[in-house]
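Counting from 1, one number per residue, gives the positions in the sequence shown under the UniProt record's numbering.
Glycine included, each C-beta is placed from N, C-alpha and C at the ideal position.
As the structure is a computational prediction, the values presented were derived from the model and not from experiment.
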Amino acid sequence: MTLPDDALRLGVVWREDAADGAGVELLSLPAGADSWTRHTAARVSYGQQAPDAPAFPAALLQAPTTDPDAFYDGCAGRGLHYGPAFRSVRELHATADEALGLLRLDERCRPGARAFTLHPALWDGALQLSLPLCGRTGTVVPVGVERIDLLPGLPSEVTDLWAHVRRRPDDRFDLWLYDTDRRPLVRVTGLALHPLVLEDDSDPAAERVHRFVLQEVEPARETDRSGARWLVCGPEAAAGTVTELAAALGADGVTLPAADAAGRAAWAEVLGGAADVTDLVFAAPDAVAGEAAQRAGLTALSALASACLDRPTTPRLTVLTTRAQAAADERPDPGAALYWGFTRVLRGEHPSLSAALVDRAAEDGWTSYVVRELGLDQREDQVLLRAGRRLAGRLERSAGPRPDAEAPVPYTAGQPFRLHPGPRPGQWDSPRFLPLVRRAPGPGEIEIEVDAASLNFIDVMKAMGTYPDASGGKELLGGDCAGRVVALGPDTTGFRVGDRVVACKFGAMVSHLTLSAAHARPVPDGMTQTEAAALPLVVATAWYALHDLARVERGERVLIHSAAGGLGLAAVQVAQLLGAEVIATAGSPAKRDHLRGLGVRHVFDSRGLAWADAVLDLTGGRGVDVVLNSLTGAALTRGLDVLAEDGRFLEVGKKDIHGGRRLDLRSFRKGISFAAVDLEGLVMRRPARFARVLDAVWEEVTAGRIRPLPVTPYPFDRAAEALREMSHGDHIGKFVLHEPHRVRRVVADPLPGGRFRADGSYLITGGLGDLGLSLAEHLAGRGAAALALLGRSAPGPEATARVEALRAAGTTVCVLRADVADEAALDGALHRIRAELPPLRGVFHAAGILDDGVVQGVDAGQVSRVLAPKADGVRHLDRLTADDPLDLFVLFSSAAGLVGNVGQAVYAAANTYLDALAVARRHAGRPALSVQWGSFDAIGLAARSGTRGARLADRGMAAFPAADAWRALEEFLREGETVVGYLSLDARRWFETYPAAAGLPSWSRLRTADRHTGAAGGAFRERLAACAPEGRAALVEQRVRELAGRVLRIPAQTMDRETPLKSLGLDSLMSLELRNRLEAEFGLKLSPTLLWTYSSLRPLAQALVERLGDLGDGEDR
């Protein structure tokens, strides 16, 4: 708990409830509060048998060492700032799943340390060792443990100790504390960490996450725009769309062949014949037309926009696309998405066009929706129309995760796996196969490759979400299996590689299992792997219950409920082996007949309570000596009633125990005993005793005195179906999963164990540039053992030095020279990766080029050059890696496509192509993440130009450190994001640079967040109106000087009024920016050529004064 600044009372409640235990609670009462708040509760037990302590993990001392200062620097990076007293880690060795640390109590804490036995700083230091193993990179805090065992001999004062932490498959942690002589002192089981959301508005990283989201808005209503004159046009490839929409509008429709459509003159001629056009619709080619036609359409749109800008009055432009964006479960068309990035830039460069994006579906009746949308006076600037629904686009700042709820879980090719209940327990399509990180066996351990694993009813409960135990074990499916030994740990005896074995460990529904050799036994000759997998847990449970706990003697009567199931049939054999008379219940005639065939003479119906009277009648009222119970509710009570004097009741169910069912103690007047049979607890808490149970019962199996059970086999890839069938309870014997090779789809886990893979390789395109190399260094530092760096050119001296540094640090680096846009060259590079490196597990597509220029200058060559590395490259990567077991497929998109950076129309289009392809991959069940990066500090495309990064910063898009970006990237992967923006955007400054953006509906959430009023231009016009006519020229010239200085990034007072602005550094992009600022400031629509016609401050200011006239709205003629 965190202590507040205000007064707070703390309370500890201790309740002794028996001689062997107590309950304890920690409470708080804030000042002025009426009731106490409980923060934690625990059960204290006395005199428990000490858990079996593992040997000190000396082998971990050979693991990589982390410097303590570096460790605490990493903690600080998580937002965990430890003072000197709590920096107790003095030595640290860590692998992906285990950490071993030497802890030392700070000198200033030693006085009075005896009062604690284990000082809080040492406790905290032990918990800190879980951080290197934690999957999350942000701030995490401990929120609970399942159990703490204090071993006999714990000293009264401890100042130095060793702590060993192991990460469990359920993402909890088990800890052992040892003294400096390596003797065990304390065990902590089931430590849980939880992310902590820091409410720190000053944290810049929290402000950088942006998303384009869809918000349903009111359907468009028909409006009277009788004065509007429509023209629908497009390249010939969009002829069908143009014809349909023109007919629906009652308007003219014009298409041009691709060659003509790319020229301004052809569109000028079209517009010349429609001088009174007020609204222009450009229909973009759809997926049916093909991607080549879609790319050519970009030059057509550029030419059309240029022709519009040449007119005295510009029509309102709408760009109509087909499925460029995804609504619900749609897969977007990346080719159509090109137009969204392009048009966002067009809108920023030329606000006078009022360009809007309307996306339709290829559905019946689409024209009616589009016509209504086009008829609006106040319209959305980015909207999807789907079956009468309007989904408006909004750019928002959002630090929290927003995974695509509609996208299927991404899968990858077959690989080591584990079966997990999934995110929706109770739904039979929820169980899924997750990647398994194989663990090399330690001392006394073996690793087996699983051939078959059995289902137990506890697995059905876990899959249904009804398993009552709240511990991490609810995610561990399977408890026993059969397989072959593939590896032996140090000092492991009794097995050889290749041996067939059965094994008991919870979480056994996996492809590979590492466990203590003490919990494995050889498969008897003549027994199949499927038969063997069905036996260990049920026969061990039956033996432990009847032989060890009940001590069944020859001639006693044993009642076994649900005796046709796996445990029931095993118990029948054990009871008969011990010489007991078996009475059984079962739920169907077929099951009861099966039991009679096994020599059980008295079998009753378990459905209902009539069996109780039948048992008493059969025994002359005496009852039975032992009840093995799995029934619940009233059946449990009746089971106590049918016990004879000194009888033993064995409860194998969990529901009533965890539900706190009460027992009438008067039943115990007969001297009966009640025992809960918890084999799961025995395996985990008392492994040595379980090994002895397994020894005894497996001897009977090997001798043939306990026979195999009836088995219903299912292939592993039909595990969900097997669980569903087992839940019906109609089967006899056991369900067993086999044929694990049939599992071909494993959920992609981009960061197994919170790190990149040491057993796989990662490809980085653009990997030899400074951005790619920075990413490579991060991946290597976070566990990646093999990297393939692909670039078009050979690495230079600096890149070579950085590659060699990676190799010297132990990373395998393969340098590949190929153009990602060349499919054959890329295919060859991928073949080399597969031949020389571990399996390819991830792709980072960071290749790209910039070729800035205004929309009017876009031509086919620029489109081809800019789209090649990004769009062509990602299309080739998507196809050529389809059969690789990818955990991740990361696309380095750009915020240029999200916000519409002026001068980057084609580059923005290339990036919205990436975004759409990422969504399409996710909806196809394949991994994908597209990050719309802003400006990196000192690296990346924006940094390569000395002025581009500075210009972006002036506009409101500041650079950020690469280290921040890589931390964010890991969080995006972990949270399952599909498309997300990461940029430092000061919306207020952006709106000052691009005032028209402040009025766009798509920017409304950022406008509200930054409280932008957009009133700056209005304030200046008020000053101008209040100024005497003779003083206006000077006031206008001063304001033009200030705006030009801001754009040119030179002091305004140093600018000569007669010097051409071009001589001061004004280029075409700056000209656009300055013209847009002037339009917003003076409320005028200005010609695109204004700044070249009036090229210095004095004539420019004079021209503005003339156009202002009497300060009414004006237009440049």
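1) Candidates Phe674, Arg1077, Ser893: which alpha carbon is nearest Val626's?
2) Which one of Val919, Tyr907, Val866, Arg926 has the shortest CA to CA distance from Arg841?
3) Go ahead and pull the three-state DSSP assignment for His738.
4) Can you check which of these residues, Leu317, Gly297, Arg686, Thr528, is closest to Gly377 by C-alpha distance?
5) May I have the straight-line CA-CA distance separating Val736 from Ser45, to the nearest angstrom?
6) Once you ignore the five residues that flank Thr1013 on each side, which residues in its own chain have a CB closer than 8 Å to its CB?
7) Could you pull out every residue in the same chain whose Cβ sits closer than 6 Å to the Cβ of residue 1133, ignoring the five residues on either side in sequence?
8) Using DSSP with H/G/I as helix, E/B as strand and the rest coil, what is Gln215?
9) Using the beta-carbon count (16 or more within 10 Å), is Leu198 buried or exposed?
10) Find the nearest neighbour of Arg167 within the set Ile458, Ala634, Ser130, judged by alpha-carbon distance.
11) Apart from the five residues on each side of it in sequence, which residues of its chain come closer than 6 Å, Cβ to Cβ, to Arg418?
12) How long is the line joining the alpha carbons of Arg865 and Asp859, rounded to whole angstroms?
13) Cutting at 6 Å between CB atoms, please list the residues of its own chain near Val574, excluding the five before and the five after it.
14) In angstroms, rounded to a whole number, what distance separates the CA positions of Asp73 and Leu80?
15) Whole angstroms is fine: what's the gap from Ala619's alpha carbon to Arg685's?
16) At what residue ranges does the segment 964–1032 contain a whole run of the alpha helix (DSSP H), taking only runs of 4 or more?
17) Rounded to whole angstroms, what's the CA-CA distance from Gly479 to Ala532? Just pull it up for me.
18) Figure out for me which residue from Asp646, Gly647, Asp181, Leu636 has the closest Cα to the Cα of Ile657.
19) So residue 1119 packs on Ala835, CB below 8 Å; how close in whole Å?
20) Sorted by chain position, which residues of the same chain lie with C-beta nearer than 8 Å to Phe506's C-beta, five sequence neighbours on each side aside?
21) So is Asp884 buried or exposed if we call it buried at 16+ other beta carbons inside 10 Å?
22) Let me check understanding here. Comparing Cα to Cα, which of His561, Asp915, Arg1049, Gln427 lies closest to Thr993?
23) May I ask you to list the residues that DSSP assigns as paired with His512?
24) Consult DSSP for Val747 and reduce its assignment to one of helix, strand or coil.
25) Out of Pro155, Asp170, Ala192, Glu207, state which residue places its alpha-carbon closest to the alpha-carbon of Val186.
26) Decide yes or no for the touch test of the segment 263–272 against the segment 343–363: beta carbon pairs closer than 8 Å, at least 3 of them.
27) Going by C-alpha distance, which of Ala503, Gln1102, Lys655, Gly647 is nearest Arg669?
28) Would you check if the segment 843–851 and the segment 900–909 touch, i.e. whether three or more CB-CB distances between them fall below 8 Å?
29) Please report the Cβ distance between Arg432 and Val747, rounded to the nearest whole angstrom; I am assuming they are in contact, meaning their Cβ atoms lie under 8 Å.
30) Relative to the alpha-carbon of Gly767, which residue among Gly733, Gly760, Val813, Lys734 has its alpha-carbon at the smallest distance?
31) Given a cut-off of 9 Å on the beta-carbon distance, is the pair Glu445 and Ser516 in contact?
32) Who does Cys481 pair with in a DSSP beta bridge?
33) Who are the Cβ neighbours of Arg1023 in its own chain at under 8 Å, not counting the five residues just before and after it?
34) How many whole angstroms separate the CB atoms of Leu609 and Val624, which I take to be in contact at a CB cut-off of 8 Å?
35) What residue range is occupied by the uninterrupted alpha helix (DSSP H) comprising Glu1073?
36) Can you round the beta-carbon distance between Pro315 and Val277 to whole angstroms, since I take them to be within the 8 Å contact cut?
So, to answer that:
1) Phe674
2) Arg926
3) strand
4) Sequence inspection shows Asp at residue 377; the Gly mentioned does not correspond to that position. The option with the nearest alpha carbon to Asp377 is Leu317.
5) 38 Å
6) Interpretation of Thr1013 is limited by its pLDDT of 44, a score under 50 that renders its predicted location unreliable; the figure taken from the coordinates is listed afterwards. Correct list: empty, nothing qualifies.
7) Residue 1133 is absent from the model: the chain starts at 1 and stops at 1117.
8) strand
9) Note that Leu198 scores 49 on pLDDT, short of 50, meaning its location in the model is unreliable and no value can be drawn from it.
10) Ser130
11) Leu434, Leu436, Val510
12) 10 Å
13) Ala542, Trp543, Leu546
14) 9 Å
15) For clarity, residue 619 is Thr in the given sequence; the question names Ala instead. Spanning the two alpha carbons is a distance of roughly 39 Å.
16) 987–993, 1004–1009, 1016–1026
17) 13 Å
18) Leu636
19) Residue numbering for the chain in the displayed model covers 1 to 1117; residue 1119 lies beyond these limits and cannot be assessed.
20) Gly473, Leu476, Gly478, Gly479, Glu680, Val683, Met684
21) buried
22) Arg1049
23) Glu449
24) strand
25) Pro155
26) no
27) Gly647
28) yes
29) 5 Å
30) Val813
31) yes
32) Ala453, Ala503
33) Leu1035
34) Their Cβ separation, rounded to whole angstroms, is 16 Å, which puts Leu609 and Val624 out of contact at 8 Å.
35) 1068–1082
36) 5 Å
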